[in-house]
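To start, the structure itself, in structure tokens.
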Amino acid sequence: MDLYAVADFCLIPMGTGEPSVAHYIAECQRILEKSGLQFKMHGYGTNLEGPWSQVSKAIHDCHAAVHAQGAPRIATDIRIGTRTDREIAPGTGNEGKVKRVEDILAKDK
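Throughout the sequence shown, residue numbering follows the UniProt record's numbering, covering 1 to 109 in sequence.
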């Protein structure tokens with residue numbers, strides 16, 4: 001069985017000789033668009049979710065694409081969570097986590 005993975009990763013191109021990495025990150029986002037997985041970029045990374053094997057492949061494919069754009073080195077921080085105590089509907093893992101906290105905070109008002 002392929003575990004459903006809810007991930008956050010931050011891909012950091014290194015040795016590019018320039019301070020901005022935006023065009024490398026844009027290339028990674030293009031790869032994620034093609035993956036068919038649920039994802040959302042934020043200021044310091046990307047939330048990504050789906051079957052573990054597909055999430056891993058998408059991050060691999062981002063590395064390959066960014067190297068192909070000329071980045072000689074890449075460092076990536078990855079956090080991955082899985083659950084077996086309940087079913088997570090595909091595409092709702094990250095959204096569900098945020099909504100749960102927002103619901104708790106809404107009770108404060």
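The beta-carbon is built from N, C-alpha and C at its ideal position, and this holds for glycine as well.
Just so we're clear, the structure is a prediction, and the values are computed from it rather than from any experiment.
Cβ-Cβ separation, residue j to residue i (assumed contact under 8 Å), whole Å
| i | j | result |
| --- | --- | --- |
| R79 | A7 | 7 Å |
| E33 | V66 | Rounded, the Cβ-Cβ distance is 15 Å, inconsistent with contact. |
Residue from the options whose Cα sits closest to the Cα of residue i
| i | options | result |
| --- | --- | --- |
| M1 | I12, V21, A106, S53 | S53 |
| Y44 | D77, G15, S56 | D77 |
Residues of its chain near residue i, where Cβ-Cβ distance is below 6 Å and the 5 sequence neighbours each way are ignored
| i | result |
| --- | --- |
| G93 | V6, E49 |
| H63 | I74 |
| Q69 | Y24, E27 |
| Q38 | E49, G91 |
Distance, residue j Cα to residue i Cα
| i | j | result |
| --- | --- | --- |
| D61 | A22 | 17 Å |
Same chain, Cβ closer than 7 Å to residue i, five either side skipped, listed in chain order
| i | result |
| --- | --- |
| G36 | none |
Proximal residues to residue i (C-beta, below 8 Å), its chain only, five neighbours per side dropped
| i | result |
| --- | --- |
| M14 | A71, P72, R73, I74, A75 |
**Asked** Fully enclosed by the segment 54-108, which alpha helix (DSSP H) runs are 4 residues long or longer?
**Response** 93-106
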